[in-house]
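Peer 1: So that we are looking at the same thing, I have put the structure below in C-alpha cells.
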Amino acid sequence: LRHGGHVTGIIPGFLSEREHMLIEAQELIVVDDMHQRKQLMFAKSDAFVALPGGLGTLEEFVEQLTWSQLGRHSKPIVLVNIEGFWDPVLVLFEKMSAEGFIRPGLELKVLVVEGVDDVIPAIDKALAPYPADTEAQAEAEVSAKF
C-alpha cells in the first residue's frame with residue numbers, strides 16, 4: 046500500500062471479527078468459508094507471496110506449491126525468507142527431495158528472496174517472456190528448486 050500497489054483482501058466472515066482486516070485495501074471481499082477464500086485468492090492472483098507467518102500462511106504456501114507441482118498453474122511462488130525465517134522449511138524440502146518424496150520432474154519451483162524489496166523484481170523476472178532458446182537458462186535461474 047505504501048508504494049501504491051493495489052490490494053485485494055479476501056476474508057471469511059467468521060474471521061472478520063477475530064483477525065485484523067486490512068481496511069485500507071482497495072477491495073475487501075468477505076466470503077463464506079476458507080475454501081471459497083482460497084479459490085478466489087487463486088483466481089485473482091498473478092503470483093503468490095509468502096511472508097513469515099503461521100500455520101495458515103504455511104498451508105496456503107504449500108497448497109500453491111502442490112498445485113504448481115501437479116501442473117494446475119505456473120504462477121510464480123515467492124518465499125520471503127526474512128532473517129532465515131523459512132530456512133527450516135527449505136531444509137525440509139531438501140530432505141523430501143533427497144529421500145525421493147519429491148520425484149525428478151516434479152520439483153518444487155519456489156523463488157526464495159531475502160526481503161520484501163526483492164519480491165517485485167523476482168516476480169517480474171519470472172513473468173518476463175523468454176525467447177525459446179533461453180527457456181532452459183530461465184528455468185535454471187530459479188532461486189530454489191527441490
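Each number in the working numbering corresponds to the 1-based position in the sequence shown with 45 added. Backbone N, C-alpha and C define an ideal beta-carbon position, used for all residues, glycine too.
(1) Using 10 angstroms around the beta-carbon of A185, count the other beta-carbons present and answer buried if the total reaches 16, otherwise exposed.
(2) Just reading off the beta strand (DSSP E) that E72 is part of, what are its end residues?
(3) Would you tell me roughly how many angstroms separate the C-alpha atoms of E69 and V136, rounded to the nearest one?
(4) For the beta strand (DSSP E) containing G101, name the first residue and the last one.
(5) Going by C-alpha to C-alpha distance, which of V125, F138, P133 sits closest to P166?
(6) Following the continuous alpha helix (DSSP H) through K120, name the residue where it begins and the one where it ends.
(7) Starting from the Cα of G99, find the closest Cα among V134, R82, V52, D162 and give me that residue.
(8) Between the alpha carbons of H51 and Q71, how many angstroms are there, rounded?
(9) Which residue marks the beginning of the alpha helix (DSSP H) containing I127, and which one marks its end?
(10) First and last residue of the beta strand (DSSP E) that includes A95?
(11) Alpha carbon to alpha carbon, what distance is there between E159 and G199?
(12) In this structure, how does DSSP classify P166 when only helix, strand and coil are distinguished?
Peer 2: From the atom records:
(1) Within the sequence shown, residue 185 is the residue found at index 140, counting from 1. With a pLDDT of only 46 at A185, under the threshold of 50, the placement of this residue in the model should not be trusted; the figure read from the coordinates follows. Exposed is the call here.
(2) Here residue 72 refers to the residue found at position 27 when the sequence shown is read from its first residue. Start and end: 72 to 76.
(3) The count along the sequence shown starts at 1 and reaches residue 69 at position 24. The count along the sequence shown starts at 1 and reaches residue 136 at position 91. Taking the straight line joining both Cα atoms gives about 36 Å.
(4) For the purposes of this step, residue 101 is identified with residue 56 of the sequence shown, where counting begins at 1. Per DSSP, G101 belongs to no beta strand (DSSP E); it is in the alpha helix (DSSP H), 100 to 114.
(5) Locating residue 166 in the sequence shown gives position 121, where the first residue counts as 1. Closest option to P166, Cα to Cα, is V125.
(6) Locating residue 120 in the sequence shown gives position 75, where the first residue counts as 1. Where K120 is concerned, there is no enclosing alpha helix (DSSP H), given that its DSSP letter is neither H nor E.
(7) Numbered from its first residue, the sequence shown carries residue 99 at position 54. Among V134, R82, V52, D162, the Cα nearest to that of G99 belongs to V134.
(8) Numbered from 1 along the sequence shown, position 6 holds the residue referred to as residue 51. Numbered from 1 along the sequence shown, position 26 holds the residue referred to as residue 71. Those two C-alpha atoms are separated by around 6 Å.
(9) Position 82 of the sequence shown holds residue 127. Where I127 is concerned, there is no enclosing alpha helix (DSSP H), given that its DSSP letter is neither H nor E.
(10) Residue 95 sits at position 50 when you count from the first residue of the sequence shown. 93 to 95 is the extent of the beta strand (DSSP E) around A95.
(11) Since the first residue of the chain shown is 46 and the last is 191, residue 199 is not available in this structure.
(12) Taking the sequence shown and counting its residues from 1, the one referred to as residue 166 is at position 121. Three-state DSSP puts P166 in a helix.
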